[in-house]
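**Q** Supplied in structure tokens, the structure appears directly below.
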Amino acid sequence: MDSALRQRLDALHADGVAFDATQTDRLLTRRNLEPASARLLWSLTQIIGARDAVEIGTSNGYSAIWLADALTLTGGHLTSVDVEIQPDAERNLAPFANVSLVEADGGAYLAGRADASVDLLFLDAERTQYPGWWPHPRRVLRPGGLIAIDNVLSHPGEVAGFLALLAAEPSLRGETIEIGKGLHLAWFAR
Ligand SMILES: C[S@@+](CC[C@H](N)C(=O)[O-])C[C@H]1O[C@@H](n2cnc3c(N)ncnc32)[C@H](O)[C@@H]1O
748 MDSALRQRLD ALHADGVAFD ATQTDRLLTR RNLEPASARL LWSLTQIIGA
798 RDAVEIGTSN GYSAIWLADA LTLTGGHLTS VDVEIQPDAE RNLAPFANVS
848 LVEADGGAYL AGRADASVDL LFLDAERTQY PGWWPHPRRV LRPGGLIAID
898 NVLSHPGEVA GFLALLAAEP SLRGETIEIG KGLHLAWFAR
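For any residue, its number in my numbering is found by taking its place in the sequence shown, counting from 1, and adding 747.
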């Protein structure tokens, strides 16, 4: 990654941590992805050669910038979905021509996507809602694609139901990576 962009991302993350510390309402916080997890997703996006990536949970666009930069290198596109697109997200992502911001519920958005149309699906929204989105996270995934779910070690109880759905899917393999707040990856069995 370009060092100027990396410095901008580090500053944005530090700003988010400082901002979140001043908030008492969790829903008003930015809750940006941990930098190490973002960097892993950045690498994975390129390793799988993702062309069509979807993020559910934009916040101010921190993780979306990482994904957008990786997708610039693969010739891909990011759709980042949030129930409320923040002006900060629009501003932070304005330099990236390969990003679409969609204001929608993540489950409703996935329900409207075609079968096997997504290479990378990153879930970083309200975790307890994910099981209600089934089967769409699996249905929209293209063979060779990857699902990533954050916060699986910080909030195991909230993701247990969704991880059980993934584990019960014979076509998928999965692994939790002990990075950041815990990133679970699910991919197609070979
Ligand atoms: C943890 S933050 C996302 C952080 C972001 N990925 C980052 O690293 O910068 C969670 C976001 O999910 C959004 N969200 C909550 N429920 C949602 C839903 N059902 N569909 C889409 N977005 C949702 C919230 O508005 C919030 O902006």
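Built from N, CA and C at the ideal position, the CB exists for glycine as well.
#1: Can you give the beta carbon distance from ASN898 to VAL906, rounded, assuming they're within the 8 angstroms contact cut?
#2: Using DSSP's beta-bridge definition, name the partner residues of THR923.
#3: Based on the DSSP output, what are the partners of THR769 in its beta bridges?
#4: Could you check whether LEU912 and ALA933 sit closer than 7 angstroms to each other, using their CB atoms as the reference points?
#5: Report whether the distance from the Cβ of GLU873 to the nearest heavy atom of ligand 1 is below 6 angstroms.
#6: Thinking C-beta only, is TRP880 closer than 7 angstroms to GLY854?
#7: In its own chain, which residues sit with a C-beta less than 8 angstroms from the C-beta of LEU900, not counting the 5 before and 5 after it?
#8: Mind checking ASP772: buried by the 16 CB within 10 Å criterion, or exposed?
#9: Under a Cβ-count criterion, where at least 16 other Cβ atoms within 10 Å of its own Cβ denotes burial, should GLY763 be classed as buried or exposed?
#10: Taking the alpha carbon of ILE894 as the reference point, which residue from GLY904, ASP835, LEU820 and ILE803 has its own alpha carbon closest?
#11: Just checking ILE803 against ligand 1 - is the residue's beta carbon closer than 6 angstroms to any of the ligand's heavy atoms?
#12: Which residue marks the beginning of the beta strand (DSSP E) containing ARG889, and which one marks its end?
#13: Anyone know if the C-beta pair for ALA817 and THR792 falls short of 7 angstroms?
#14: Using only CA atoms, which one of HIS824, VAL865, SER784 and VAL801 lies nearest to ASN845?
#15: Is there contact between the region 827-841 and the region 783-797, where contact requires at least three CB pairs shorter than 8 angstroms?
#16: Please state the DSSP three-state secondary structure of ILE832.
#17: Rounded to whole angstroms, what is the Cα-Cα separation between GLY908 and PRO878?
**A** The structure says:
#1: Here the question's residue 898 lines up with position 151 in the sequence shown. Here the question's residue 906 lines up with position 159 in the sequence shown. Contact between ASN898 and VAL906 holds, since their C-beta atoms are separated by about 7 angstroms, short of 8 angstroms.
#2: Counted from its first residue, the sequence shown places residue 923 at position 176. Its beta-bridge partners are HIS931.
#3: As a working mapping, residue 769 is identified with position 22 in the sequence shown. For THR769, which the question treats as bridged, DSSP gives no partner whatsoever.
#4: Here residue 933 corresponds to residue number 186 of the sequence shown, with the count starting at 1. Here residue 912 corresponds to residue number 165 of the sequence shown, with the count starting at 1. Their beta carbons are not under 7 angstroms apart, which means ALA933 does not touch LEU912 by this criterion.
#5: By one-based count along the sequence shown, residue 873 stands at place 126. When distances are taken from the beta-carbon of GLU873 to the heavy atoms of ligand 1, the shortest one is below 6 angstroms.
#6: For the purposes of this step, residue 854 is taken as residue 107 along the sequence shown, with counting starting at 1. For the purposes of this step, residue 880 is taken as residue 133 along the sequence shown, with counting starting at 1. Taking the C-beta atoms as reference points, TRP880 is found nearer than 7 angstroms to GLY854.
#7: Walking along the sequence shown from the start, residue 900 turns up at place 153. Leaving aside the five residues that flank LEU900 on each side, the residues in its chain whose CB is nearer than 8 angstroms to its CB run, in chain order, THR923, GLU925, LYS928 and GLY929.
#8: Here residue 772 refers to the residue found at position 25 when the sequence shown is read from its first residue. The Cβ neighbour count for ASP772, taken over all protein chains shown within 10 Å, is under 16; the residue is labelled exposed.
#9: Indexing the sequence shown from 1 puts residue 763 at position 16. Looking at its Cβ environment, which holds 16 or more other Cβ atoms inside 10 Å, GLY763 is buried.
#10: In the sequence shown, residue 894 corresponds to position 147, counting from 1. Residue ILE803 is the option with its Cα nearest to ILE894.
#11: Sequence index remark: in the sequence shown, residue 803 carries index 56 (1-based). Result yes, Cβ under 6 angstroms from ligand 1.
#12: Reading the sequence shown from its first residue, position 142 is the one you call residue 889. Counting along the chain, the beta strand (DSSP E) containing ARG889 begins and ends at 888-897.
#13: Here residue 817 refers to the residue found at position 70 of the sequence shown. Here residue 792 refers to the residue found at position 45 of the sequence shown. Yes. Within cutoff.
#14: Translated into the one-based positions of the sequence shown, residue 845 becomes position 98. Measuring from the Cα of ASN845, the nearest candidate turns out to be HIS824.
#15: The region 827-841, when compared against the region 783-797, does not touch it at the 8 angstroms Cβ threshold.
#16: Against the sequence shown, residue 832 aligns to sequence position 85. Note: ILE832 maps to coil in three-state DSSP.
#17: The residue you call residue 908 lines up with position 161 of the sequence shown. The residue you call residue 878 lines up with position 131 of the sequence shown. The straight-line gap from Cα to Cα measures roughly 6 angstroms.
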